[in-house]
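Peer 1:
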Amino acid sequence: MFRFTLLALLCCATSIRAGAIKKRWGSHSGEYGGNGGTRFSQSVNQLDGPITALKIRADSSRIVGLQVRYGREWSDYVGGSSGDLQAITLHPGESIIHVSGNSDSYIRKLHFQTNFGRHFSFGVNIGTSFSAQPIFPGTVLTYFSGRSGDVIDAISFYWNTRCYSTECQ
Ligand code: MMA
């Protein structure tokens with residue numbers, strides 16, 4: 375009986391601690407944009423590693439599409455085919471720490487800032503501006519979700535510690 379109680383205590387103490395650790399680092403910004411399109415989430419992609427590159431498609435008025443590389447693996451492309459595609463490759467150890475932009479019923483502009491002081495901007499100043507950053511110091515952009523159809527209708531940003539394993543650069 376004593377052994378059982380001890381085991382139960384150990385189990386619960388551990389899970390409470392694990393819960394607290396998770397809560398301390400993860401935060402979420404958004405969703406920005408409208409209700410059109412269908413929902414996408416790259417939450418599973420974060421298991422491939424930290425964000426290492428982005429491809430963004432934009433036309434004269436909207437952010438049209440998005441593809442993200444997690445570690446060495448590209449996510450599915452979401453969005454449409456109009457406009458021009460541009461790519462950003464992050465340096466080893468570089469992460470996105472702030473995203474600002476503009477939105478209304480669509481995502482009009484995305485501006486990424488990294489912990490290496492680099493800035494990348496896509497799209498135009500139509501709609502209302504937003505500013506998204508993590509709550510917890512030292513955490514970074516770990517994945518995107520949102521809504522897409524012919525363009526990116528809406529977007530959310532998830533922030534957490536850069537790496538889940540010690541092997542990660
Ligand atoms: C499609 C459809 C809409 C979405 C737009 C823009 C043309 O319509 O998916 O629901 O709002 O694309 O992405």
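Per this note's numbering, residue 375 is the first one in the sequence shown, and the count goes up by one each step.
Ideal placement from N, C-alpha and C gives every residue a C-beta, glycine not left out.
1. Could you check whether the segment 397-411 touches the segment 425-435, counting it as contact only if at least three pairs of C-beta atoms, one from each stretch, sit closer than 8 angstroms?
2. Just to confirm the assignment: which complete beta strand (DSSP E) runs, minimum length 3, are found wholly within the segment 388-466?
3. Please name the residue, chosen from 423, 455, 464, that lies closest to residue 447 on a Cα-to-Cα basis.
4. Express the C-alpha separation of residue 482 and residue 498 in angstroms, rounding to a whole number.
5. Where does residue 513 fall in DSSP's three states?
6. State the beta-bridge partners of residue 534 as determined by DSSP.
7. Beta strand (DSSP E) containing residue 492: first to last residue?
8. In three-state terms, what does DSSP make of residue 478?
Peer 2: So, from the data block:
1. no
2. 401-407, 412-415, 425-432, 437-444, 458-463
3. Position 73 of the sequence shown holds residue 447. Of the listed residues, the one whose Cα sits closest to residue 447 is 423.
4. Residue 498 sits at position 124 when you count from the first residue of the sequence shown. Residue 482 sits at position 108 when you count from the first residue of the sequence shown. Rounded to whole angstroms, residue 498 to residue 482 spans 6 angstroms at the Cα level.
5. As a first step, residue 513 must be located in the sequence shown, where it is residue number 139. Here residue 513 sits in coil by DSSP.
6. Walking along the sequence shown from the start, residue 534 turns up at place 160. Bridge partners of residue 534: 514.
7. For the purposes of this step, residue 492 is taken as residue 118 along the sequence shown, with counting starting at 1. Element bounds for residue 492: n/a, residue is neither H nor E.
8. Here residue 478 is taken as the residue at index 104 of the sequence shown, counted from 1. In this structure, residue 478 counts as coil in the three-state DSSP scheme.
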